[in-house]
Structures are given as structure tokens and as C-alpha cells.
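Peer 1:
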Amino acid sequence: MADFFEDTSANVEWHIGSYRILNGIGKGSFGEVRLARHIMTSTEVAVKIVNYEDYADVAEEIYSLQELNHPNITTLFEVINTHQQVYMFMEYAPEGTLHEYIRKCGPFSEKKARAPFRQILSAVHYCHQKNIVHRDIKPENILLDMGLNIKLADFGLSEVFMEEKLTTVCGTNPYMAPELFRLEPYEGPKVDVWSVGIVLYKMLTGVLPFVGKNLEELTEYILSGVFFIPYSLSVPCHKLLQKMINIDAGRRPTLGIIMQDRWVNTGSQRS
Ligand code: AMP
Numbered sequence: 004m005a006d007f008f009e010d011t012s013a014n015v016e017w018h019i020g021s022y023r024i025l026n027g028i029g030k031g032s033f034g035e036v037r038l039a040r041h042i043m044t045s046t047e048v049a050v051k052i053v054n055y056e057d058y059a060d061v062a063e064e065i066y067s068l069q070e071l072n073h074p075n076i077t078t079l080f081e082v083i084n085t086h087q088q089v090y091m092f093m094e095y096a097p098e099g100t101l102h103e104y105i106r107k108c109g110p111f112s113e114k115k116a117r118a119p120f121r122q123i124l125s126a127v128h129y130c131h132q133k134n135i136v137h138r139d140i141k142p143e144n145i146l147l148d149m150g151l152n153i154k155l156a157d158f159g160l161s162e163v164f165m166e167e168k169l170t171t172v173c174g175t176n177p178y179m180a181p182e183l184f185r186l187e188p189y190e191g192p193k194v195d196v197w198s199v200g201i202v203l204y205k206m207l208t209g210v211l212p213f214v215g216k217n218l219e220e221l222t223e224y225i226l227s228g229v230f231f232i233p234y235s236l237s238v239p240c241h242k243l244l245q246k247m248i249n250i251d252a253g254r255r256p257t258l259g260i261i262m263q264d265r266w267v268n269t270g271s272q273r274s
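Take a look at the structure:
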């Protein structure tokens, strides 16, 4: 990546297709994310800009986002390829990430966590129904729109899954399922279930269930599957966390089953 991004200061603006490219709003592993405005409609969008030589790194993300159409997943509007850069124009989520929200506002009460958690479940379950596994679910990749609705983002590590198990080890360590650390072939959707469980834990407590001084120690804790659940959380909530953060992937429920869980449905029309 180098020259283009090094030469482009945050204040430089330019046009690509029907869009005016504005200020930077984030940096990912493969490129920069900027705010952009559709010239005819003045609609604000986010644009991920990646050097063309790194196209292979975002090909899977483009494929996945083109396949997905869900209210809680960032919509990909258009991809423009200039031979030097790839521009991915996406729905803009102006309220930042769930990670920033927890840092600013503290952990959610159980009552307040339910609605956004249901939206996370709905988004990831939909991906699984479309045979796409995200593999990097964490609060940094969960964006919030103006109404604080969830917009699942960053499908850079996503993959299509079929009958066979997956083998590529990837993700963000504290959110990765134990089977990944055991270097075993794994069922894609089950590693997302684990990560969604860790996200729920973080939403409710503000901290992570497994923390180590280094990767070796973190791996040891994750493989042990032993984690502390604060007594302040309700019994149904304990049970849900234990179901999702289960080291035995075979006994970890699918998201379809989690969506019928008692805690998830408390206060909804289904309960
Ligand atoms: P990513 O490369 O997808 O990990 O994005 C890097 C950062 O850019 C994210 O952590 C967000 O802060 C920001 N970002 C990415 N996509 C969007 C979006 N659609 N709307 C608003 N901010 C975004």
C-alpha cells in the first residue's frame, strides 16, 4: 500500500465516479476508509480505498457484501476500480463502532443489550443462511447508525462454507474459538457463535472473558474454557453465555437455536 495513502492528507478531496471523496474516518488492515458524498443526492457514504495490488485482500469482502442484503449489515453500493485503487462505496454508519460506544458509555444493562444483540444475531444468522462465515466478529467491526442500529462490517476475513470444514486460522485472538487455537479443521458458523458470545460478554461487562499477559497465556485460558460470569447477571443470561462460549463446538448451538433462547426473547412478542 504505501505511496497513495502516504501522499493523501486527511484534507485532500477529489472525485471518483458520482462521488466526492472527503475526510478520513478510519483505517483498516487493507486500506483507508473515508467519508464520501454522492454528488447528485448529497447522500453521505463510507468508501474503503485499497491499492489495486492489494485487490486480492478485499476480493472476498466484495464478494460477501455483494451477496448480502440485510438491514444490520453495511450495504455495498458500488465498487469502482481505477487500476491504481479499488473504491468500495458503502452505507455510512455515523455513530462509530460498538467498541467505542462501550468505552464511552460503559457496559449495557441486560435490558438495554437485548435489542442490539438481537440485531447482531439476526445479521450473523443471515450470513450463515447464505453460507458465509464472518470470522472476525468483534465490537470494532460492529458499527452503529444514526438510530444506534447495528451494522455488521469488515467482511475481510469472510469465507463461503459448504459441507467441508474450514482450515484457515484467522480472526482476532480474544474473540477466536478454541478449535482455531487447536489448529483443527472447524465448522465455520460455530466459530462465529463463539465470537458473538464473547461480544455479548463484553457488552454486558465491558471486559473480555479471557485475558492473558501474552498469546500463550491467552491460548491456555481459551482452551480451558473457564471464565468468570459476574453474579450481577441474571441466571438466563449466565446460561446463554455458557451455551455460546462452550469449548465443545459440537455442543455449541447454532444461531438459529440461540435466537429462540429465553434471555434473547425476554420482553419481545415471542416471550
Ligand atoms: P475496516 O477496514 O472495515 O476495518 O474499517 C476501518 C474503520 O473504518 C472502522 O473501524 C470504522 O471506524 C471505519 N468504518 C469502516 N466502515 C465504515 C462505515 N461503513 N461507516 C462508518 N465508518 C466505517
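Throughout the sequence shown, residue numbering follows our numbering, covering 4 to 274 in sequence.
Cβ atoms here follow ideal geometry from the backbone N, Cα and C, with glycine treated the same way.
Source: prediction; values computed, not measured.
To the nearest angstrom, how far is it from the Cα of glycine 270 to the Cα of lysine 133?
Peer 2: Sequence index remark: in the sequence shown, residue 270 carries index 267 (1-based). Sequence index remark: in the sequence shown, residue 133 carries index 130 (1-based). Roughly 29 Å between the two C-alpha positions.
Peer 1: Taking the CB atoms as reference points, tell me whether isoleucine 24 and tryptophan 17 lie closer together than 8 Å.
Peer 2: In the sequence shown, residue 24 corresponds to position 21, counting from 1. In the sequence shown, residue 17 corresponds to position 14, counting from 1. A contact, by the Cβ cut-off of 8 Å.
Peer 1: Quick one: give me the first and last residue of the beta strand (DSSP E) that alanine 39 is part of.
Peer 2: Within the sequence shown, numbered from 1, the residue matching residue 39 stands at position 36. Run containing alanine 39: 35–41, per the beta strand (DSSP E) assignment.
Peer 1: For the beta strand (DSSP E) containing phenylalanine 92, name the first residue and the last one.
Peer 2: The count along the sequence shown starts at 1 and reaches residue 92 at position 89. 88–94 is the extent of the beta strand (DSSP E) around phenylalanine 92.
Peer 1: Select from His137, Pro212, Gln122 the residue whose C-alpha is nearest the C-alpha of methionine 262.
Peer 2: Position 259 of the sequence shown holds residue 262. The candidate whose alpha carbon is nearest that of methionine 262 is Gln122.
Peer 1: So the candidates are Gln87, Val61, Thr85; which of them puts its Cα closest to the Cα of leucine 79?
Peer 2: As a position in the sequence shown, residue 79 is number 76, starting the count at 1. Nearest C-alpha to leucine 79: Val61.
Peer 1: Would you kindly work out how many angstroms separate the C-alpha atoms of phenylalanine 231 and leucine 244, rounded to a whole number?
Peer 2: The count along the sequence shown starts at 1 and reaches residue 231 at position 228. The count along the sequence shown starts at 1 and reaches residue 244 at position 241. So the two alpha carbons sit approximately 11 Å from each other.
Peer 1: Need the endpoints of the alpha helix (DSSP H) that phenylalanine 158 sits in, please.
Peer 2: The residue given as residue 158 occupies position 155 in the sequence shown. Here phenylalanine 158 belongs to no alpha helix (DSSP H), and DSSP marks it neither H nor E.
Peer 1: Who are the Cβ neighbours of proline 142 in its own chain at under 7 Å, not counting the five residues just before and after it?
Peer 2: Indexing the sequence shown from 1 puts residue 142 at position 139. The answer, listed in chain order, is Thr100, Leu101, His102, Ile105, Val202, Lys205.
Peer 1: Tell whether a beta-carbon distance below 8 Å holds between isoleucine 52 and glutamate 63.
Peer 2: Along the sequence shown, one-based indexing puts residue 52 at 49. Along the sequence shown, one-based indexing puts residue 63 at 60. Going by C-beta atoms, isoleucine 52 is not nearer than 8 Å to glutamate 63.
Peer 1: Tell me whether isoleucine 248 is buried or exposed, calling it buried when 16 or more other Cβ atoms sit within 10 Å of its Cβ.
Peer 2: The residue labelled residue 248 in the question sits at position 245 within the sequence shown. Buried, because 16 or more other Cβ atoms sit within 10 Å of the Cβ of isoleucine 248.
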